[in-house]
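In terms of the numbering used here, the sequence shown opens at residue 6 and continues consecutively.
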Amino acid sequence: MIVHLGEEQPAVQYDYILRRKAKDLESNRGGSARVDNVSLRIIELLQGDGRLSYATIAKEVGLSEAAVRHRVQRLIDLGVMQIVAVTDPLSLGMGRQALVGVKVSGDLVAVASEISKIKEADYVVICAGSVDIFVEIVAKDDERLLQIINGEIRAIPGVVATEAFVYLRLAKQTYSYSSK
């Protein structure tokens with residue numbers, strides 16, 4: 006995932022990103038973890054500033070610091086959120102990003118699993134539509150992007166075709182998902 010930070014911001018921004026782990030998504034498809042309004046408020050606060058202290062959150066939601074710590078750990082353990090560093094790939098020398106659509110003949114899960122092993126593939130999703138899998142690639146340059154598409158993705162058994170959509174400018178990206 007890409008984040009373009011302004012020049013005045015650091016290259017690494019700490020944030021809590023709401024996403025389920027892939028295995029949790031598979032086992033819980035169509036359902037959701039039971040998260041009450043207090044936990045939703047904690048998530049909302051952490052989306053605004055992932056570095057908020059448990060003490061600050063506790064004051065905001067009316068719980069003890071220990072209770073907030075426990076809830077945050079539970080949310081992490083359930084795969085509702087994770088703690089990550091969100092980086093700006095451009096500031097780290099990763100000058101080319103692209104979304105690659107992949108058409109597959111055969112086992113989608115097996116192909117997605119193989120694509121997931123590619124270091125520069127930071128997002129792999131099986132989908133419905135004109136392509137079977139979307140892959141977000143963050144590469145050093147055009148040459149590396151070409152190597153990934155031609156030499157790695159297209160070499161996977163079952164891959165029929167690829168179509169690359171090279172990013173020119175990021176207009177919007179957010180990690181805040183409405184809990185309401």
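Even glycine gets a Cβ: it sits at the ideal position worked out from N, Cα and C. In this text, all values refer to a predicted model and were calculated from it rather than measured experimentally.
Check, Outcome
"Just how far apart, CA to CA, sit Leu-104 and Phe-139?", "7 Å"
"Taking 8 Å as the cut-off, decide whether the C-beta atoms of Val-164 and Val-114 are in contact.", "no"
"Using the rule of at least 16 other Cβ atoms within 10 Å of the residue's Cβ for burial, across every protein chain shown, is Asp-41 buried or exposed?", "exposed"
"Considering only C-alpha positions, which residue in the set Cys-132, Lys-64, Ala-117 and Gly-134 is nearest to Ala-126?", "Ala-117"
"Which of the three DSSP states is assigned to Ala-160 in this structure?", "coil"
"Give me, in chain order, the residues of the same chain whose beta-carbon lies closer than 7 Å to that of Ile-154; leave out the 5 immediate sequence neighbours on both sides.", "Val-105, Thr-167 and Ala-169"
"For Arg-39, which of helix, strand or coil comes out of DSSP?", "coil"
"Between the alpha carbons of Gly-111 and Asp-147, how many angstroms are there, rounded?", "29 Å"
"Leaving out five residues on either side along the sequence, give the residues of the same chain with a beta carbon under 8 Å from the beta carbon of Val-66.", "Val-43, Arg-46, Ile-47, Leu-50 and Val-73"
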